[in-house]
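See structure below.
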Amino acid sequence: MARHLGILALQGDFAKHAAMLKQLDVAYSLIKKPSDLAPCDGLIIPGGESTTMTILMHKYELYPAVTEFAQNYPVMGTCAGMIMVANQVDDERVDPLHLINIKVLRNAYGRQIDSFTTMIELPFLDDPSPFQAVFIRAPQIETTGEGVMILLHWQDQPIMVRNETVLALAFHPELTRDPRIHRYFLENF
Amino acid sequence: MEKGTYEVKVGLAEMLKGGVIMDVTTPDQAKIAEDAGAAAVMALERIPADIRVAGGVARMSDPAIIQKIQEAVSIPVMAKCRIGHFVEAQILQEMGIDFIDESEVLTPADEAHHIDKHPFKVPFVCGCRNLGEALRRIGEGAAMIRTKGEAGTGNVVEAVRHMRAVMGEIRKLTTMDDAELMAEAKHLGAPYELVKQTAKLGKLPVPNFAAGGVATPADAALMMQLGAEAVFVGSGIFKSEDPKPRAVAIVQAVTHYQDPEVLLRVSTNLGKPMVGINLDTLSDEERLAHRGW
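Protein chains in written order, with my numbering: chain A, 294 to 482; chain B, 65 to 357.
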């Protein structure tokens, strides 16, 4: 059956994820309220500010809605989205969704001046050729717990992890034109 | 590994989309902004409404003030330098500011040139009144464009004028062939390659935000419906009667800008907005939007 993804669209670069799904010819809805999730069979939580997302998710009752949705459907989180799906965050201003057993550190690489891009091979794909990973004021995965598989490392740090239903990345595949990571999520979750 | 690339600069601008960037002058205000859901703050010694009242030369804020705000919040911190004042920009970069606003709100330091923004590792946002001005700034390396509006007035009319000018001119470009685009580039005073790119995309090549006179949730949603991808609120929050609920309301209005039910709810019982200035009462010299070339 054709997929129909939701993209959490409270704040952040949700339009970039939408452009990527368009490129892959996948239907999507922008999610601003719980009822927007109705047609969806998967969810992307984009980059942006996790403090802003926390406040707006509380205001629009998205915590119970997304938690319930995630019991039945897969979720992918990039950067701030990875913070939102984590079990634990080092910052009490953010309330994560506890969907994957990782502990993350916000802004762990420093300020914008330390944001960077780097080319990384994707060994979990048939086509592992280098992918441009864009890190913007990026979080780090400090620890991973049971049930978590590390898909990618960079400088000894896990930067892409998964469990049965959740894919979490410290970087932004949506800021490239390379759809391989989005396709991986669509085909494997 | 590469730092300070164009992708990384525009990347941060992408992360701020759908958000509100609030002017703050103290760590306490910065925390109120963050708790209200601001996507970033603009650290200032004085907000534009007070710069207007104070008169004289308005310069980059004292780094000590900016630094205290950096320490108070986890969201990105922006700061303003004067148009053409690349040394103020070097100082802001050195202190690890996340985004520099080369701003007409401060007194220009150069009456012919803007900063060459390409050599900097930190991204810049610049104001514009029309498409030509926007594309000249992008040509100089700006990673984000905002309307100038008329800062510190609480009057959204100029921001509307500037956003309509930019969006209307872009719509016009999308109907032109390559020969017409060259003539239009000459007319706009904008680099041909950027004119062509804009015509192809049907939007600016970098994020396009609104600023200058936004005072209410309805103002913010108006700018979003006109095509803005995020909103700066300067004096509108901390010059109002009760900043906290107004800040929370404007954040919600930007997220739900197409939902009148939400806009009605968040517009209700907010207390008095900032006292606005009717633009007819401002002389040409008092209009900040005329600064920049």
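For glycine and all other residues, C-beta sits at the position ideal for the given N, C-alpha and C.
The model shown is predicted, which means the values in this text are computed figures rather than measured ones.
For L301(A), tell me which candidate among D318(A), Q316(A) and S322(A) has the shortest Cα-Cα distance. S322(A)
Using a Cβ-Cβ cutoff of 9 Å, what residues of the region 371-389 of chain A are near chain B? List them in chain order. C372, A373, D384, R386 and V387
Should I139(B) be flagged as near chain A, meaning a C-beta pair shorter than 8 Å? Judged by the 8 Å Cβ criterion, I139(B) is in contact with chain A.
Relative to chain B, which residues along the region 296-312 of chain A have a C-beta separation below 9 Å, given in chain order? Near chain B, meaning a CB-to-CB distance below 9 Å, the residues of the region 296-312 of chain A are A302, L303, Q304, G305, D306, F307, A308 and K309.
Should E158(B) go down as buried or exposed, given a rule of 16 or more other Cβ atoms within 10 Å for buried? With a 10 Å radius around the Cβ and a threshold of 16 neighbouring Cβ atoms, E158(B) comes out exposed.
In terms of residues, what are the limits of the beta strand (DSSP E) holding F409(A)? F409 to I413
Taking the alpha carbon of N380(A) as the reference point, which residue from D318(A), E435(A) and F482(A) has its own alpha carbon closest? E435(A)
Taking Cβ-Cβ distances below 7 Å as the criterion, which residues of the region 457-476 of chain A are in contact with chain B? H465 and L468
In chain order, what residues of the same chain lie with their CB nearer than 7 Å to the CB of A223(B), ignoring the 5 residues before and after it? T211, G213, A274, A275, G276, G277, V278 and M287
Helix, strand or coil: which one does DSSP assign to K144(B)? strand
When you compare the CB of T332(B) with every CB in chain A, is at least one pair closer than 8 Å? no
Contact with chain A by P187(B), beta-carbon distance below 8 Å: yes
Hey, is H182(B)'s beta-carbon within less than 8 Å of any beta-carbon in chain A? So, not an interface residue.
What is the rounded straight-line gap between the Cα of E347(B) and the Cα of T89(B)? The amino acid at residue 347(B) is misidentified as Glu; the sequence shows Ser. Each residue's alpha carbon lies about 27 Å from the other.
Chain-ordered chain B contacts of L349(A) [CB-CB under 8 Å]: G101, V315, Q316 and T319
Closest by C-alpha distance to K144(B), when choosing among G68(B), M106(B), M338(B) and A313(B): Per the C-alpha coordinates, the member of G68(B), M106(B), M338(B) and A313(B) positioned closest to K144(B) is M106(B).
Between the C-alpha atoms of G253(B) and P367(A), what's the straight-line distance to the nearest angstrom? 49 Å
Please state the DSSP three-state secondary structure of G305(A). In the three-state reduction of the DSSP assignment, G305(A) falls in the coil class, being assigned neither a helical nor a strand state.
Is H446(A) helix, strand or coil by DSSP? strand
Taking the CB atoms as reference points, tell me whether S408(A) and V72(B) lie closer together than 8 Å. yes
C-alpha distance - L415(A) paired with L468(A), whole-angstrom precision: As the crow flies, the alpha-carbon of L415(A) is around 17 Å from that of L468(A).
Quick check on S167(B): does DSSP put it in helix, strand or coil? strand
Quick one: complete beta strand (DSSP E) runs, 3+ long, within the region 311-399 of chain A? 320-324, 336-338, 368-371, 379-382 and 393-398
Go through the region 107-133 of chain B residue by residue and report every complete run of the alpha helix (DSSP H) that reaches 4 residues or more, in order. 112-118
How many Å lie between A153(B) and V169(B) at the Cα? 15 Å
M79(B) touches chain A at which residues, Cβ-Cβ below 8 Å? G305, D306, G340, G341, E342, C372, A373, I429 and R430
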